[in-house]
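A short write-up of the structure that comes next.
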Amino acid sequence: MPARHVYVHVPFCARRCVYCDFAIAVRRDVPLDEFISRLRSEISLRFSTPPALPARSFYLGGGTPSRLGAGGIERVLETLDRHWLREPGAEVTIEANPEDVTTRVATAWKGAGVTRVSLGVQSFSPAVLDWMHRTHDVSSIHRAVEAVRQAGIERLSIDLIFALPEALGRAWEADLDCAVQLEPDHVSAYGLTVEEGTPLFRSRRRGQTAEAPDAAYAAEFLRADAFLTAAGFEHYEVSNYAKPGAQAVHNSAYWTHAEYAGLGPSAHEFVQGLRRWNERDYATWRRVLAEGIDPIAGSERLTTEQLALEALFLGLRTANGVVWDEGDREIVRGWTDMGWAKVDGNRVKLTPEGWLRTNALVAALTERRSRY
Ligand code: SF4
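Following the numbering used here, the numbering of the sequence shown begins with 1001 at its first residue and continues without gaps.
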C-alpha cells in the first residue's frame, strides 16, 4: 500500500450552508468516540500491511474537522500515526471554521503536529455570510487567524467564494483585500456552483435566487488573478494561489496523479490505477463498519485512455501545464494567438483566460490526439 497521502473526511457540521452538497452529518454534538472507533476499524479492515507506512501529507477535510475540537484532532492524528509514519516536514492540514479556532484549540493542534489550517472564510461581508447560512461572523475570522498565529502553526490558507448572485451586491475586491491583509500564505477561490439538492438549488427553482451570469463569473475570476498575483501570490492551480514555497502538498498530489488513501464517509482514494470511494452517508458508513465490513461503495479501474485524459485535464488546470508535441502544434498556436495559453519549452500552460475555457480546450486537444 504505497499511498503517501492520506485524506480523512470528517462529516460533522453545525448546519448546512446554502450552497453545500458535500457529504455532511448535521450534529449539534459530535459523536467523537463513535467516529474515532469507526475510523480505527476502517484502517484495520483496509490495510493489512504493517504499520509505519511513510506519509507525506495528512488532510482532514469535511464537513468541519475543526468541530472535533482540540482532543478530537489529536485522536484522529494518533489513529493515523498507528499506521503511517509522518516523514520529516510532512504536511498536516485541517479544514476549520473560524468560530472553532481559539488559541487553546490551535495550540493543541500544533502540539499534535498540525502544520496548516485551511480556514473557511468565504467572505468578510456580514450580509453575505448570513445569506450563505455560515455559522461564523467577521470578528471570528480575525480571532481565528490570531489564534493560528499565536499557536505557531506555520501555514494558513483562506477559502473564498466568488460569483455570488448579483442581487447580494457583494464587493469581491474588498473581500480579496481583507484576505490579503490577514497575510495568509495560500488562498483558494472557488466559483459558486448551484448543485442539485442544495438549499440554493431549491431557491433558484422557486425563482428566489438568480445565479451570477457567466460574464460576472469570468470578471471576478480574472479580478482575483490580477489582485492576488499583484500581492505576491502565484496562481498555481485554477482555484489556488500560494506565496512562494507555500503550495499545498496534499492537493498537489491530486493534481499530479499521486496515490492517496481516503478514509471516512464519501472519501475517495486512488491507488495503483484503482479509484475507490466510500459509502457517502455517515449513518451507512458507521453501520457497515460496525458489521465488520470495509465501507467501500464502488470502484473503477482507470484505463490507459482515462488516465491520459485525466492527466491532461489536471495538468492543464495547473501552472505547470502539460507536455505538447508536434501534432498539437496547430491547436496550441491557436490558443497562444487567443491569449489562452503560453508555450514554455516543451510544455503548454494555460493563462487565466484559458482556465476559463479549460473543458473546451481539453476536449479539443483530446479529440486531436485521439485521431493519431
Ligand atoms: S461548513 Fe462546509 S461542509 Fe459544512 S455545510 Fe458549510 S460548506 Fe458544507
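For glycine and all other residues, C-beta sits at the position ideal for the given N, C-alpha and C.
Would residue i pass as a contact of residue j if the rule is Cβ separation under 9 Å?
i     : j     : result
R1347 : W1324 : yes
L1289 : R1075 : no
A1106 : V1117 : yes
V1148 : V1101 : yes
E1095 : G1120 : yes
A1311 : Y1007 : no
S1123 : M1132 : yes
E1173 : F1233 : no
R1155 : T1093 : yes
P1265 : A1023 : yes
A1189 : I1161 : yes
G1061 : V1010 : yes
R1004 : A1253 : yes
D1385 : A1246 : The structure shown does not extend to residue 1385, since the chain is modelled only from 1001 through 1372, so no value can be given for it.
T1209 : A1167 : yes
R1056 : V1332 : no
V1283 : A1025 : For the record, residue 1283 in the displayed sequence is Ala; it is not Val. Taking 9 Å as the Cβ cut-off, A1283 and A1025 qualify as a contacting pair.
F1058 : L1077 : yes
T1304 : R1016 : no
H1142 : E1099 : no
A1171 : T1103 : no
R974  : N1097 : Residue 974 lies beyond the residue range present for the chain, which begins at 1001 and ends at 1372; the question has no answer from this structure.
So, with DSSP's three-state summary, where would you put residue i?
i     : result
G957  : Outside the shown range of the chain (1001 to 1372) lies residue 957, about which nothing can therefore be said.
N1278 : strand
D1325 : coil
V1288 : helix
N1359 : helix
S1122 : Inspection of the sequence shows that residue 1122 is occupied by Gln rather than by Ser. Strand, per DSSP.
L1156 : strand
Y1236 : strand
S1048 : coil
Y1254 : helix
R1301 : strand
V1187 : strand
A1171 : coil
G1071 : helix
G1089 : strand
C1017 : coil
E1196 : coil
With DSSP as the reference, please indicate the residues paired to residue i in a beta bridge.
i     : result
S1139 : Per DSSP, none; premise fails for S1139.
D1344 : R1347
F1012 : A1025
I1296 : N1278
W1084 : L1053
I1094 : L1060 and V1117
E1269 : R1276
F1162 : G1191
L1263 : V1008
A1242 : H1186 and E1234
What does the alpha-carbon distance come out to for the pair residue i and residue j?
i     : j     : result
L1053 : I1036 : 20 Å
W1340 : A1216 : 19 Å
L1316 : N1251 : 15 Å
R1301 : L1274 : 4 Å
Y1260 : E1042 : 15 Å
T1115 : G1334 : 43 Å
R1369 : D1214 : 29 Å
G1345 : L1309 : 22 Å
E1291 : L1045 : 11 Å
A1163 : V1018 : 14 Å
A1242 : H1235 : 7 Å
E1220 : W1277 : 33 Å
L1182 : E1211 : 29 Å
E1367 : K1342 : 20 Å
V1238 : G1113 : 29 Å
E1330 : L1356 : 20 Å
C1020 : R1280 : 14 Å
G1350 : A1319 : Contrary to the premise, residue 1350 reads as Leu rather than Gly in this sequence. Their backbone Cα atoms lie some 7 Å apart in a straight line.
Counting only beta-carbon atoms, is residue i nearer than 9 Å to chain C?
i     : result
Y1260 : Among the chains of the structure shown, chain C does not appear; only one protein chain is present.
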